[in-house]
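FYI, the UniProt record's numbering numbers position 357 of the sequence shown as 357, with every residue one higher than the one before it.
Backbone N, C-alpha and C define an ideal beta-carbon position, used for all residues, glycine too.
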Amino acid sequence: MHLLEKQFTEVDNTKFLGQLELAYDGLLKANMVNRSRQRQLLSHCIVVWDSLQIFAEEFEDQVNQYMIKNGKQPESFLVKGENGKSTSIPAFPISSWTMMRKVQIMIWVVLLGFELDIYKIWEYGYMYRYAAYLVMTQASHLQRTLNYLEQTALGIANNKIKVHVPKNKTGKAANQSAIKKTVLSELQQSIQYITTLATEADAVHYLCNANKHLSEAAVLAGYTSRPETMTAHTSPELLYGLRMKPFSSVGVPEQPGFERMVRTTPPATPEETLALIKEKLAKAKRSSDWCKNLLDRFGPAVIEANTELKHIRRSAIGISVSSSMLEKFANNKFTGKETTPPTVSIERKSYHWFFPVLTFRAAPAKK
């Protein structure tokens, strides 16, 4: 953004700024209502921010064309490929930031569905799968943003990137050293903020995966299967389309199809089913442990003072415990030792609102 100097008089930013005002206005309004209404407003915000991303791309393209026309090199930064070689790619900081914020809103809308008890229990698997997919998309943009900020700060510190020095009212240029120090300080604050967001994204991704695997294992075990009485009017495909409706107008990130998100072909034998259940539960425990270990790096004092972190950690522990319980019940069922199926419930108390925990308890003995 330091290259967007006042001399860019030929660049029309009115569309972008107008849409930006609408985008933040909608976001502020969404945070002033109850949670149910908030989800509705955030769903509308997705459309507004998607349009803002288009305007951001057009604006940055105009800036780059202007810079080329005036003999300046558009912003770029280096990224390492799988072969270890660095490649220079366009920076596009504004559209990347817009995309990152849009995806964050999409994540909120998906996860609010769990808090508000919108999804059926057998839908948890593919909705957490979609949430994990969005978080991964967000994480890639966070990493891109972090690379850009770090390389920009290094370039300014080494005098490879010039900082625009504005003139004061008397026409004299401001102190260049002071301006440079201020810009570097702001960049360091941005780097710290993005690093924190990246850590948060990792924790959320682990927890989404943990609940996804636990929920899918419960469906395979037959404890949370969808009703057999479904008709063509309430087919799984139609319900999936209904859940994806808030995101249907978004082109990027691409919306996964039903076949990709939902397993439609069950395992051939009970032995294969049990093996797949155990595999998914092992993944659920592993993801829960990763989330817990990541949060533990903050230290007990920080976690205790932060209610959200504390509840996320509890959800991770709860999912791990439930995975062990489900494995025990599933093993009894598929080896012929089960007398009565367990009772299944969704526990919310003490857990994070976005990550309730499926619990499995032995059915009470009949009198």
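**OP:** Measure the Cβ-Cβ separation of M106 and I54 and say whether it is below 8 Å.
**Re:** no
Am I right that F355 and L197 are in contact with their C-beta atoms under 8 Å? What's the rounded C-beta distance?
With a Cβ gap of about 18 Å, F355 and L197 do not count as contacting.
Subject >> Candidates A30, K280, L28 and S51, of which the one nearest V250 by Cα >> reply: S51
Helix, strand or coil for L358 per DSSP?
The answer is strand: DSSP assigns L358 an E or B state.
**OP:** Sort out for me which residues DSSP pairs K80 with in a bridge.
**Re:** S86
*Beta-ladder partner(s) of E347, from DSSP*: V357
Q) Along the chain, which unbroken stretches of the beta strand (DSSP E) at least 3 residues long are found entirely within the stretch 223-298? A) Here no run is fully enclosed.
Query raised in the report: So, are the CB atoms of M127 and R39 less than 8 Å apart?
Result: R39 is positioned such that its CB atom lies no closer than 8 Å to that of M127.
Return helix, strand or coil for E338, following the three-state DSSP convention.
coil
* Residue environment, G299, which counts as buried when at least 16 other CB atoms sit within 10 Å -> By the neighbour-count rule (16 or more Cβ atoms within 10 Å), G299 is not buried but exposed.
Out of W49, T152, S43 and A30, which one is the CA nearest neighbour of G90?
Here residue 90 is Pro; the residue named in the question, Gly, does not match the sequence. Ranking W49, T152, S43 and A30 by Cα distance to P90 puts T152 first.
Determine, using beta carbons only, whether V79 and N147 come nearer to each other than 8 Å. Result yes, Cβ atoms of V79 and N147 sit closer than 8 Å.
Between the CA atoms of K278 and K328 - distance to the nearest angstrom:
Linking K328 to K278 through their CA atoms gives a straight-line distance of about 10 Å.
So, at 8 Å on beta carbons, what are the nonlocal neighbours of Y351 in its own chain, with the 5 sequence-adjacent residues on each side left out? H311, R314, S315, G318 and V357
Exercise for review: Find the nearest neighbour of L134 within the set A201, E57 and A221, judged by alpha-carbon distance.
Suggested key: A201
I need the DSSP call for H311, collapsed to helix, strand or coil. Helix at H311.
- Item | For L309, the nearest candidate out of E150, K292 and E60 (CA to CA) | K292
- prompt: Looking only at its own chain, which residues have a Cβ that is under 7 Å from the Cβ of A30, when we skip the five neighbours before and after it?
  reply: Q38, L41, L42 and C45
Count the other CB atoms, across all protein chains shown, that sit within 10 Å of the CB of L17; report buried if there are 16 or more and exposed otherwise.
-> exposed
- Task: With a 10 Å radius around its C-beta and 16 neighbouring C-beta atoms as the bar for buried, classify N211 as buried or exposed.
- Result: buried
Exercise for review: Kindly list the residues whose CB is nearer than 7 Å to the CB of W49, restricted to its own chain and excluding five residues on each side of it in sequence; keep chain order.
Suggested key: A23, T98, R101, K102 and I105
| query | Does any CB atom of chain D fall closer than 8 Å to the CB of V204? | reply | This model lacks chain D altogether, as it is built from one protein chain only.
Are L274 and F334 closer than 8 Å when you measure CB to CB? yes
* Asked: Roughly how many angstroms lie between the CA atoms of G125 and L220, to the nearest whole one?
  -> 11 Å
So, helix, strand or coil for A91, using DSSP? coil
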